[in-house]
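J.: By full-length UniProt numbering, the letter at position 76 of the sequence shown is numbered 76, and the numbering carries on one by one without gaps. We treat Cβ as the ideally placed atom computed from N, Cα and C, and that holds for glycine. In this text the structure is predicted, and so the values were computed from the model without any measurement.
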Amino acid sequence: APGSGAAYLLRRRAAATARDDALARATAVAGQVHEELAELADDARRLAVQDQRLAGGATPMCLNGAYLVPVDGADAFAAAVEGLRDRYADCRFELAGPWPAYSFVTMDEP
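The structure is reproduced here in structure tokens:
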């Protein structure tokens, strides 16, 4: 049918724009979330995001963070994560730990 190629290209362009917009929003939200959580921690690291297949999620991971939270700040940190879940209802948050502080150890060369 005449014009079907042009319509197809417009749909492809619209889909690409929507993906780009979603990625930009996810990147911005990840930065905001990390900054807020880092304020409650003694130290914080942004780690490499895991492959979606390894992470077991239906959507790509946009933030993988490690936060060195003092014991007496753990409840406030967990409450902050709950608040983020409410604020960003379209995002999935997983809080795990406590874990050994491997992400915060540096090895000095001998």
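Which residue marks the beginning of the beta strand (DSSP E) containing residue 43, and which one marks its end?
T.: From DSSP, the beta strand (DSSP E) with residue 43 extends over 43-47.
J.: Among the residues of its own chain, which have a CB less than 8 Å from the CB of residue 34, if the five just before and after it don't count?
T.: In the same chain as residue 34, and ignoring 5 residues on each side of it, the C-beta atoms closer than 8 Å to its own belong to 44, 46, 63, 65, in chain order.
J.: Would residue 95 and residue 73 qualify as a contact pair, given that the criterion is a beta-carbon distance under 8 Å?
T.: no
J.: By DSSP, does residue 65 sit in helix, in strand, or in coil?
T.: strand
J.: Helix, strand or coil: how does DSSP classify residue 87 here?
T.: Reduced to three states, the DSSP call for residue 87 is helix.
J.: So residue 13 is in the alpha helix (DSSP H); what residue range does that whole segment cover?
T.: 4-38
J.: How about residue 67 and residue 38: are their beta carbons less than 8 Å apart?
T.: yes
J.: Using only alpha-carbon positions, find the residue among 107, 83, 54, 71 that is nearest to residue 99.
T.: 71
J.: Does the Cβ of residue 105 have 16 or more other Cβ atoms within 10 Å, making it buried, or fewer, making it exposed?
T.: Flag for residue 105 reads exposed.
J.: Alpha carbon to alpha carbon, how far is residue 97 from residue 8? Give it in angstroms, no decimals.
T.: 47 Å
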